[in-house]
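All remarks here apply to the structure that follows.
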Ligand SMILES: [Zn+2]
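Take a look at the structure:
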């Protein structure tokens with residue numbers, strides 16, 4: 012049996028068998044690699060926010076676009092700036108690059124051609140690009156795409172949120188968590204954090220300037236906003252996946 016063209020079903024890579032992998036048309040099929048972080052998300056959100064929500068959003072997007080498969084998520088990212096908050100598990104950029112290269116090389120062995128990273132953590136994009144550059148230098152023929160989940164929707168998010176600021180463990184992320192990661196939300200512990208833009212080092216220690224570990228005002232988060240944000244992310248990422256298929 013092949014899962015190809017089976018619209019309406021979550022296309023989870025780990026459900027496939029090796030003969031199904033062999034049969035799939037690699038020229039038109041797109042693999043989605045969710046990548047997030049295990050890092051502090053304020054006093055009100057669990058450490059898994061980026062990875063759990065990212066995986067759920069990838070499944071919904073894959074559900075909307077035929078000939079896509081979602082790989083098991085890369086749970087860990089590079090969270091150097093947050094490591095002084097207890098709980099954060101951060102990979103060094105060099106470690107993450109090695110891990111990503113091994114995943115890519117494994118996929119390339121079976122002739123996959125199009126790989127889209129769906130990334131929910133701001134510390135990862137540059138590292139992903141470095142991994143792509145290294146494998147390209149080593150002769151990879153795969154096409155890589157680096158999708159950061161908020162790039163296409165930032166203006167619309169600003170219109171929906173009630174707080175002036177958003178970013179990390181904020182009204183946006185917390186509203187999404189109410190839908191996709193409810194076990195990780197303790198809204199009664201959420202605090203406002205109106206931070207001022209100021210000169211900071213490229214990799215600053217958040218603990219030195221951010222007491223509770225979040226941005227904006229997560230107390231204003233609601234499930235209704237979470238559903239609006241989900242639709243924005245899924246609609247935009249689905250369009251992106253279709254463009255990659257045509258590429
Ligand atoms: Zn986050």
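Residue numbers (my numbering): 12 to 258.
Each residue gets a CB set at the ideal place from its N, CA and C atoms; glycine is no exception.
For residue i, name the three-state secondary structure that DSSP assigns.
{"i": "residue 238", "result": "helix"}
{"i": "residue 16", "result": "Residue confidence for residue 16 is low, a pLDDT of 47 falling below 50, so the modelled location carries little weight and cannot support an answer."}
{"i": "residue 204", "result": "strand"}
{"i": "residue 244", "result": "helix"}
{"i": "residue 72", "result": "helix"}
{"i": "residue 125", "result": "strand"}
{"i": "residue 140", "result": "helix"}
{"i": "residue 161", "result": "coil"}
{"i": "residue 193", "result": "helix"}
{"i": "residue 51", "result": "coil"}
{"i": "residue 171", "result": "helix"}
{"i": "residue 91", "result": "helix"}
{"i": "residue 66", "result": "helix"}
{"i": "residue 79", "result": "strand"}
{"i": "residue 286", "result": "Within the shown structure, residues of the chain are numbered from 12 to 258, placing residue 286 beyond reach of any answer."}
{"i": "residue 130", "result": "strand"}
Give the straight-line distance between the Cα atoms of residue i and residue j, rounded to the nearest whole angstrom.
{"i": "residue 82", "j": "residue 155", "result": "14 Å"}
{"i": "residue 318", "j": "residue 172", "result": "In the structure as shown, the chain starts at 12 and stops at 258, and residue 318 therefore has no counterpart that could be examined."}
{"i": "residue 202", "j": "residue 120", "result": "48 Å"}
{"i": "residue 75", "j": "residue 150", "result": "33 Å"}
{"i": "residue 189", "j": "residue 232", "result": "8 Å"}
{"i": "residue 246", "j": "residue 72", "result": "8 Å"}
{"i": "residue 180", "j": "residue 197", "result": "12 Å"}
{"i": "residue 111", "j": "residue 157", "result": "13 Å"}
{"i": "residue 184", "j": "residue 60", "result": "8 Å"}
{"i": "residue 49", "j": "residue 141", "result": "21 Å"}
{"i": "residue 175", "j": "residue 88", "result": "28 Å"}
{"i": "residue 159", "j": "residue 178", "result": "13 Å"}
{"i": "residue 131", "j": "residue 47", "result": "5 Å"}
{"i": "residue 165", "j": "residue 240", "result": "10 Å"}
{"i": "residue 33", "j": "residue 79", "result": "15 Å"}
{"i": "residue 24", "j": "residue 43", "result": "9 Å"}
{"i": "residue 248", "j": "residue 200", "result": "32 Å"}
{"i": "residue 30", "j": "residue 91", "result": "41 Å"}
{"i": "residue 223", "j": "residue 56", "result": "11 Å"}
{"i": "residue 54", "j": "residue 214", "result": "22 Å"}
For residue i, count neighbouring Cβ atoms within 10 angstroms of its own Cβ and tell me buried if that reaches 16, exposed if not.
{"i": "residue 45", "result": "buried"}
{"i": "residue 28", "result": "exposed"}
{"i": "residue 259", "result": "Outside the shown range of the chain (12 to 258) lies residue 259, about which nothing can therefore be said."}
{"i": "residue 186", "result": "buried"}
{"i": "residue 244", "result": "buried"}
{"i": "residue 227", "result": "buried"}
{"i": "residue 229", "result": "buried"}
{"i": "residue 117", "result": "exposed"}
{"i": "residue 210", "result": "exposed"}
{"i": "residue 85", "result": "buried"}
{"i": "residue 251", "result": "buried"}
{"i": "residue 51", "result": "buried"}
{"i": "residue 258", "result": "exposed"}
{"i": "residue 35", "result": "buried"}
{"i": "residue 225", "result": "buried"}
{"i": "residue 12", "result": "In this prediction, residue 12 scores a pLDDT of 38, lower than 50, which makes its location untrustworthy; the coordinate-derived value is nonetheless stated afterwards. The residue in question, residue 12, is exposed, as its Cβ has fewer than 16 Cβ neighbours within 10 Å."}
Inset, instruction - Quick one: residues with CB closer than 7 Å to any heavy atom of ligand 2, in chain order, please. - result: As for ligand 2, it is missing from this structure, which binds only ligand 1.
Legend entry - Contact the segment 93–102 vs the segment 211–228: 3+ CB pairs below 8 Å: Of all C-beta pairs linking the segment 93–102 to the segment 211–228, three or more are shorter than 8 Å, placing the two stretches in contact.
Inset, instruction - Pair every Cβ in the segment 36–55 with every Cβ in the segment 123–136, then say whether three or more of these pairs are closer than 8 Å. - result: For the pair of segments examined, the segment 36–55 was found to touch the segment 123–136: the number of CB pairs separated by less than 8 Å reaches three.
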